[in-house]
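Step one of this worksheet: look at the structure below.
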Ligand SMILES: Cc1cc2nc3c(=O)[nH]c(=O)nc-3n(C[C@H](O)[C@H](O)[C@H](O)COP(=O)(O)OP(=O)(O)OC[C@H]3O[C@@H](n4cnc5c(N)ncnc54)[C@H](O)[C@@H]3O)c2cc1C
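In the numbering used here, the protein residues as written are 1 to 444.
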């Protein structure tokens, strides 16, 4: 029973209109026309190293391989499996199996691009070279840093990845299997009800909407099962807000009140005691303990060690402590090393830690590399576009999209961003994955 997906929503209508929606999403939200247009390929023998072959690395390599003719493009990526991470939330809610989020890196390496299945251990932008765990030294003319981020579970005392799925502990961020184990923990909680603890880390994080979606989905499961009445849902926000965009924050507060969630502000998870089911939070007035029957643990997130150990992170300011790299927020070019660019989660920019952001970032980086090679310079700019289909129950979501200035930037004029809609749910549940894989191939 636990591994079944009992709450598959009634998507009869979704199937009827699926082709239309998939096409609409492809053309609207993710605009199939490349942001940089169809420029003629630039002839070059430039050596380009892409550190990391996840969403950002694969997308950038695919686009570079079409934009440049003759370049030596190498992706350094240790993993044969590629995770479609937006699927983790659906797996963690019992709506998809673990395999839904597991793809093969090899299927997305563009023709002509070399894949070195190793890890970058040293980034040396002074000597313009990277070194891998197997001792390979790659000299480059251009470096694209696309290593994503690391999950720092060790920063929460008592927490370990092996606890996921046990003792009422869920954590979908750790991967597809972890997401399925998280569903098992949630399914048990749904049977019995009790105290459910939710929240987010105090660091920058990818998909900052995920902690909210998971809270709404747990609430929905409890209501459908009839155990919501004997449950308490407690959301621990890391600061005085629920979302960094004020308009969205106001809407989420309204929805949290409607769903009768208890919200604690400025509560950051620092310790768990899995035996006693007690979580400790730091608060402005000192540590407090909360008891859980179910806890959704989302760890602090930082730049990977190889990046943190390099000269690439910000040296001061908000992004320095966790090692996010120092790029210009519009061109994504490194501010001190002009032949280095960043794409994806690793960038020290105020927004943009989503796959949807990668879609708009990669063309900018490709444009500036091509412009640097031709000597004409690049013109494309990234405006901070970030998208978060905020699920509020099974079969319903808000398609929240915004930019650096906290403006809402809806792709579809006919989808109000702060309305809970079946259409937005279908985009998340049906259209996003084909769009994502098209993006990896440089086609979206
Ligand atoms: C639960 C969850 C829900 C999400 N929901 C959404 C959503 O609904 N919509 C959305 O747009 N986005 C969503 N995202 C965010 C999205 O998945 C990420 O923002 C996106 O994957 C970022 O791409 P990236 O390439 O920067 O990082 P990743 O895709 O994580 O790739 C980084 C790659 O770098 C590699 N790497 C790391 N260190 C090294 C090294 N030293 N050497 C070589 N390679 C290295 C890794 O193996 C990995 O393959 C979600 C993420 C999660 C976890």
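Note that the Cβ used here is the ideal one computed from N, Cα and C, for glycine as well. Note that the structure is a prediction, hence the values are computed from the model and not measured.
Local Cβ density within 10 Å of residue i, reported as buried at 16 or more and exposed below that
i: residue 435; result: buried
i: residue 210; result: buried
i: residue 442; result: buried
i: residue 304; result: buried
i: residue 29; result: Reliability fails at residue 29, whose pLDDT of 40 lies under 50, so the model's placement of it is uncertain and the value that follows must be treated cautiously. It counts as buried.
i: residue 96; result: buried
i: residue 107; result: exposed
i: residue 286; result: exposed
i: residue 92; result: buried
i: residue 33; result: Here the model assigns residue 33 a pLDDT of 36, short of 50, so the residue's position is not dependable and the matter cannot be decided.
i: residue 355; result: buried
i: residue 440; result: buried
i: residue 351; result: buried
i: residue 236; result: buried
i: residue 333; result: buried
i: residue 251; result: buried
i: residue 320; result: exposed
i: residue 316; result: exposed
i: residue 67; result: buried
i: residue 180; result: buried
i: residue 86; result: buried
i: residue 260; result: exposed
i: residue 105; result: buried
i: residue 51; result: buried
i: residue 445; result: A query on residue 445 cannot be resolved here, the shown segment of the chain reaching from 1 to 444 and no further.
i: residue 81; result: exposed
i: residue 400; result: buried
i: residue 126; result: exposed
i: residue 337; result: buried
i: residue 254; result: exposed
i: residue 432; result: buried
Test item: CB-CB of residue i and residue j under 7 Å
i: residue 164; j: residue 178; result: yes
i: residue 266; j: residue 296; result: no
i: residue 279; j: residue 272; result: yes
i: residue 335; j: residue 345; result: no
i: residue 153; j: residue 389; result: no
i: residue 454; j: residue 42; result: Only positions 1 to 444 of the chain appear in this structure, which leaves residue 454 out of reach.
i: residue 176; j: residue 57; result: no
i: residue 225; j: residue 172; result: no
i: residue 366; j: residue 343; result: no
i: residue 423; j: residue 398; result: no
i: residue 113; j: residue 45; result: no
i: residue 302; j: residue 318; result: no
i: residue 358; j: residue 220; result: no
i: residue 292; j: residue 370; result: no
i: residue 213; j: residue 89; result: yes
i: residue 156; j: residue 269; result: yes
i: residue 79; j: residue 362; result: no
i: residue 231; j: residue 193; result: yes
i: residue 310; j: residue 138; result: no
i: residue 76; j: residue 116; result: yes
i: residue 199; j: residue 54; result: no
Continuous beta strand (DSSP E) stretch holding residue i: start and end
i: residue 142; result: 142–145
i: residue 391; result: 386–393
i: residue 461; result: The displayed coordinates of the chain run from 1 to 444. Any statement about residue 461 would go beyond what the structure contains.
i: residue 262; result: 262–264
i: residue 49; result: 47–51
i: residue 234; result: 232–236
i: residue 269; result: 268–273
i: residue 124; result: 120–124
i: residue 337; result: From DSSP, residue 337 is part of no beta strand (DSSP E); its letter is neither H nor E.
N-terminal and C-terminal residue of the alpha helix (DSSP H) that residue i is part of
i: residue 59; result: 55–67
i: residue 253; result: 246–258
i: residue 437; result: 432–440
Closer than 7 Å to chain C by CB, residue i
i: residue 195; result: The structure shown contains no chain C; it is built from a single protein chain.
Original post:
Hey, which unbroken runs of the beta strand (DSSP E) at 3 residues or more fall wholly within the segment 355–421?
Top reply: 386–393, 396–402
Original post:
Considering only residues of the segment 132–210, which uninterrupted alpha helix (DSSP H) runs meet the minimum length of 4 residues and lie entirely inside it, listed in chain order?
Top reply: Taking only runs of at least 4 residues, the alpha helix (DSSP H) segments lying wholly in the segment 132–210 are 176–192.
Original post:
Enumerated in chain order, which unbroken segments of the alpha helix (DSSP H) with a length of 4 residues or greater are wholly contained in the segment 70–101?
Top reply: 87–92
Subject >> Runs of alpha helix (DSSP H) lying entirely within the segment 278–310, each at least 4 residues, in chain order >> reply: If you keep only unbroken alpha helix (DSSP H) runs of at least 4 residues inside the segment 278–310, you get 305–308.
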